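Sequence positions in the sequence shown follow the numbering used here and run 1 to 62. C-beta: ideal position from N, C-alpha, C; glycine also. None of the values given here were measured: they were computed from a predicted structure. The block underneath contains the structure these notes are about, expressed in structure tokens.
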Amino acid sequence: MEQETKGTGMTLVPLKVYLKDGYAKLLLGIAKGKHDYDKRESIKRREQNRDIARVMKAVNHR
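As structure tokens, then:
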């Protein structure tokens with residue numbers, strides 16, 4: 001795993017956490033990071049969802 005992530009732009013991502021007999025186990029995945037334009041799009045979508053949720057909450061409180 002170390003060789004696959006070292007210097008290749010890949011990273012280890014925790015997918016699941018298992019708790020068993022007082023120990024924690026992690027299921028790890030290897031993923032490639034996002035480009036800047038992907039990040040901007042994700043941020044834009046997240047902000048739109050927040051705005052929609054805020055409006056819906058205000059409408060439901062009336």
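query, result
"Would you kindly work out how many angstroms separate the C-alpha atoms of Val13 and His35, rounded to a whole number?", "17 Å"
"Under 7 Å Cβ to Cβ from Gly33, same chain only, skipping five residues before and after it: list those, please.", "Gly9 and Thr11"
"Under 9 Å between the Cβ atoms of Tyr18 and Leu26?", "yes"
"Determine, using beta carbons only, whether Met1 and Leu28 come nearer to each other than 9 Å.", "yes"
"Less than 9 Å between the beta carbons of Ile30 and Glu4, yes or no?", "yes"
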